[in-house]
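K.L.:
Number of protein chains: 2
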Amino acid sequence: MPRSTRRRPALAHPAVEEIDLYDVLHALSDPTRMTIVRILRAEPERACGTFPVDVAPSTLSHHFKVLRESGVINQREEGNRRFSALRTVDLERRFPGLLDTVLAALARNEHGAEPAAEPAWHG
Amino acid sequence: MPRSTRRRPALAHPAVEEIDLYDVLHALSDPTRMTIVRILRAEPERACGTFPVDVAPSTLSHHFKVLRESGVINQREEGNRRFSALRTVDLERRFPGLLDTVLAALARNEHGAEPAAEPAWHG
Chain A
1 MPRSTRRRPA
11 LAHPAVEEID
21 LYDVLHALSD
31 PTRMTIVRIL
41 RAEPERACGT
51 FPVDVAPSTL
61 SHHFKVLRES
71 GVINQREEGN
81 RRFSALRTVD
91 LERRFPGLLD
101 TVLAALARNE
111 HGAEPAAEPA
121 WHG
Chain B
1001 MPRSTRRRPA
1011 LAHPAVEEID
1021 LYDVLHALSD
1031 PTRMTIVRIL
1041 RAEPERACGT
1051 FPVDVAPSTL
1061 SHHFKVLRES
1071 GVINQREEGN
1081 RRFSALRTVD
1091 LERRFPGLLD
1101 TVLAALARNE
1111 HGAEPAAEPA
1121 WHG
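One line per chain: the protein sequences are A and B, in this order.
Position one of the first sequence corresponds to residue 1 (the working numbering), numbered consecutively onward.
Position one of the second sequence corresponds to residue 1001 (the working numbering), numbered consecutively onward.
#1: How would you write the range of the alpha helix (DSSP H) that leucine 1086 of chain B sits in, first residue to last?
#2: In the DSSP assignment, find the beta strand (DSSP E) that holds aspartate 78 of chain A and state where it starts and stops.
#3: What span of residues does the alpha helix (DSSP H) with alanine 107 of chain A cover, start to end?
#4: Report the residue from A/Ser70, A/Pro52, A/Ala56 whose alpha carbon sits nearest the alpha carbon of aspartate 23 of chain A.
#5: To be precise: take each residue of the stretch 1089–1109 of chain B, compare its Cβ to all Cβ atoms of chain A, and keep it if any distance is under 9 Å. Which residues remain?
#6: Closest to leucine 67 of chain A by C-alpha separation, out of A/Gly97, A/Thr35, A/Ala56, would be which residue?
#7: If we count the other Cβ atoms within 10 Å of its Cβ and call it buried at 16 or more, is valine 55 of chain A buried or exposed?
#8: Run through DSSP, which three-state label would alanine 1012 of chain B get?
#9: State buried or exposed for methionine 1 of chain A, treating a residue as buried only when at least 16 other CB atoms are found within 10 Å of its CB.
#10: Mapping the DSSP letters down to three states, classify alanine 1042 of chain B as helix, strand or coil.
#11: Say whether chain B places a C-beta atom closer than 8 Å to the C-beta of leucine 25 of chain A.
#12: Select from B/His1111, B/Arg1038, B/Glu1110, B/Ala1010 the residue whose C-alpha is nearest the C-alpha of valine 1072 of chain B.
#13: Give the single residue among B/Ala1012, B/Asp1020, B/Arg1093 whose Cα lies nearest to the Cα of asparagine 109 of chain A.
#14: Output, in chain order, the set of chain B residues within a Cβ distance shorter than 9 Å of serine 29 of chain A.
#15: Distance check for asparagine 1074 of chain B and arginine 1087 of chain B, CA to CA, integer angstroms please.
#16: Does alanine 1047 of chain B come out as helix, strand or coil in the three-state DSSP assignment?
Structure (structure tokens):
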């Protein structure tokens, strides 16, 4: 497996028991980051330049950093490419059901909800 | 039921079908706001000055506003008091399972997680 010989700072990843709920919820509270998560849910890993999101490279780099430092994704470098993968197993171990529940909520968010039966007091 | 005669702007609350996932996740991504949510999960409603959180009144007021405008809580005024209630039914209708899953994750966040069996690649 070819590796870059250029030295770079190691990418920071929290250990599974260090993954913090507030960091994860913050990471998931952004549409671009959620798009990245949804894409990664469907494949083992993906090169960073290949995500179909319409944001500036520096912005995208920030989003990946937030996702990585919160423990939502893993990133590894190979040559001059960086690959991202969802930490599905780690997240499920740390916060069972959270990722799937949020992704199910995302589907409802995008498709809208059925109107309430009555416009009652919001209880 | 006594009501204040002083006119104030109506409190803004999104309708259930307008509740946005990103707003909800952002609202829940803060420890003080999550404390408010956890307290409200256990009782029908509570007067705003009675929450055991150690933040400045203006900060607390901001947190309540974020929770209300995201659709997480309902607020009503009675006389010169404001009461807050969790929109449990609305949230469950809009995003089934989300609130309970996040609160279960919160319990794990505070008590720590079991260490991973192996310090392996974060897959």
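All C-beta atoms in this analysis are idealised placements derived from N, C-alpha and C, irrespective of residue type, glycine included.
P.N.:
In short, the structure shows the following:
#1: Not the alpha helix (DSSP H): leucine 1086 of chain B falls in the beta strand (DSSP E), residues 1081–1086.
#2: One detail in the question is off: residue 78 of chain A reads as glutamate in this sequence, not aspartate. First-last of the beta strand (DSSP E) with glutamate 78 of chain A: 73–78.
#3: 98–111
#4: A/Ser70
#5: Val1089, Asp1090, Arg1093, Arg1094, Phe1095, Pro1096, Gly1097, Leu1098, Asp1100, Thr1101, Val1102, Ala1104, Ala1105, Leu1106, Arg1108, Asn1109
#6: A/Thr35
#7: exposed
#8: coil
#9: With a pLDDT of 46 at methionine 1 of chain A, under the threshold of 50, the modelled position of this residue cannot be trusted, and the question is left open.
#10: coil
#11: yes
#12: B/Arg1038
#13: B/Asp1020
#14: Leu1021, Tyr1022, Asp1023, Val1024, Leu1025, His1026, Ala1027, Leu1028, Ser1029
#15: 6 Å
#16: strand
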